[in-house]
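Numbered per my numbering, the sequence shown spans residues 224 to 339.
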Amino acid sequence: MHIDLPKEKRYYSMGDIATAFNVNPSLIRFWDKEFDILKPKKNAKGNRMFTHEDVKNLQLIYHLVKERGFTLEGARIHLKEAQKKTLDKFEIINKLEGVRAQLVNIKNELKTNSEQ
């Protein structure tokens, strides 16, 4: 899953994250309680502010639970046992999906320009 979030931001709000993942904020809050690898900062109001590292971890959790069909307990165990190996594979897949998205955009631009 390719997530489009602005790279220049240091922290992302719950709304930014929920929109990027196309899920309800309640699911993100639930995952925050269930998975120890998520450690968002909280501001004075108690709102969660997610870092780039949190976003990577959320992508991994999303991949395991939503795309591969792991249970929460299965995803938790998988993260603990093979965290480094899984992150390496996941980062490669994520980079390839980003390259694919860029190539599709270029293809669409070329198609649009050739039609004009």
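Each residue gets a CB set at the ideal place from its N, CA and C atoms; glycine is no exception. Just so we're clear, the structure is a prediction, and the values are computed from it rather than from any experiment.
#1: Measure the Cβ-Cβ separation of M237 and N270 and say whether it is below 8 Å.
#2: Where D259 and E231 are concerned, what is the direct C-alpha to C-alpha distance, given to the nearest angstrom?
#3: For S236, which residues does DSSP report across the bridge?
#4: Within the region 249-332, note down every full beta strand (DSSP E) run reaching 3 residues or more, in order along the chain.
#5: With 16 as the cutoff for other CB atoms within 10 Å, does L319 come out buried or exposed?
#6: DSSP three-state call for E231: helix, strand or coil?
Once the coordinates are examined:
#1: If you check the CB distance, M237 and N270 come in under 8 Å.
#2: 26 Å
#3: Answer by DSSP bridge pairing, in chain order: M272.
#4: 271-273
#5: exposed
#6: In the structure shown, E231 adopts coil according to DSSP, grouped into three states.
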